[in-house]
Amino acid sequence: MTVKAVVDNPAGPVKGFVEAGGQVTIDAAHYGRAVGAWRTIPDLGRSSDGVTPLQVTAPRVTPGGGSPRLEYTMTLFTPGEVKVSALLSPRNNVLPSDGLSYAVSIDDQPPQTVNVTAVTGANDTTMNRQWERNTSNNVNETTTVHTITAPGTHVLKFWMVDPTVVLQRLVVDTGGRLPSYLGPPESRRAGAL
């Protein structure tokens, strides 16, 4: 019997969550750094805990600089265009604004703001099919597109814009994500047991 094994020995150091099979999956509570006050809500997500900004009465903020964010260190082997999917708990907007928003960036790239309410069509006030699906599945998934110029260690940043967003998980698709109901399992974390 012949067994084939794929061995990948990266040229540089491997840190944080490690790309495998064309993706990196990170549960929200496993951040490496939190800027500002955040709260972990045990067992809220479909597969793990949820994380939300601590002051739910805080005003909307512009992401960037020293504003509240969660940071996740990851190692990517695939440069080029990547898709970052944020899996959020379904929520209603509680501020007098145009919707519920968050932002995502990688390394020092400018944050990309996502209006979850508008992107998912939940702003049509009819409780449409997408809203029904998000609620019954207990997840609201939205995606941003970023460019990775070189393989290596990168920092994925999830920024607070509105205070009531609850993050369950982040999935970075470098070209290998396959569709599934619960999504891929969390990626291996270098240095973690």
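Here the sequence shown is numbered in this note's numbering, starting from 1092 and rising by one per residue. Quick reminder that beta carbons are idealized off the backbone N, C-alpha and C, glycines included.
The Cβ neighbour count for Arg-1280, taken over all protein chains shown within 10 Å, is at least 16; the residue is labelled buried.
At least 8 Å separates the beta-carbon of Gly-1243 from that of Gly-1113. Contact between the stretch 1134–1146 and the stretch 1204–1211 is not established, with fewer than three Cβ pairs separated by less than 8 Å. When C-beta atoms of the stretch 1171–1190 are compared with those of the stretch 1256–1271, three or more pairs fall below 8 Å, so the two segments count as touching. Taking the Cα positions, Asp-1134 is about 11 Å away from Asp-1118. Assignment of Val-1210 by DSSP, reduced to helix, strand and coil, places it in the helix class.
Each of Gly-1282, Val-1256, Ser-1271 was checked against the Cα of Val-1147, and the nearest Cα belongs to Val-1256. Counting along the chain, the unbroken alpha helix (DSSP H) around Gln-1221 starts and ends at 1220–1228.
Within the same chain, and ignoring the five residues on either side of Leu-1145 in sequence, the residues whose Cβ sits closer than 8 Å to its Cβ are Gly-1127, Ala-1128, Trp-1129, Arg-1130.
Under the three-state reduction of DSSP output, Ala-1120 falls in the helix class.
Around the CB of Asp-1253, 16 or more other CB atoms lie within 10 Å, so the residue is classed as buried.
Around the CB of Glu-1172, fewer than 16 other CB atoms lie within 10 Å, so the residue is classed as exposed. Gln-1200 carries a coil assignment under DSSP once its states are collapsed to helix, strand and coil. Note that the C-beta distance between Tyr-1163 and Trp-1250 is not below 8 Å. Between Val-1210 and the set Ala-1149, Asn-1231, Thr-1265, the nearest pair of CA atoms involves Asn-1231. In the structure shown, the three-state DSSP call for Met-1165 is strand. Counting other Cβ atoms within 10 Å of its Cβ, Thr-1166 reaches 16 or more and is therefore classed as buried. Between Asp-1198 and His-1245, the CB-CB gap stays under 8 Å. Residue pairing of Gly-1243 in beta bridges, as defined by DSSP: Leu-1167. In the DSSP assignment, Arg-1260 falls within the unbroken beta strand (DSSP E) covering 1258–1264.
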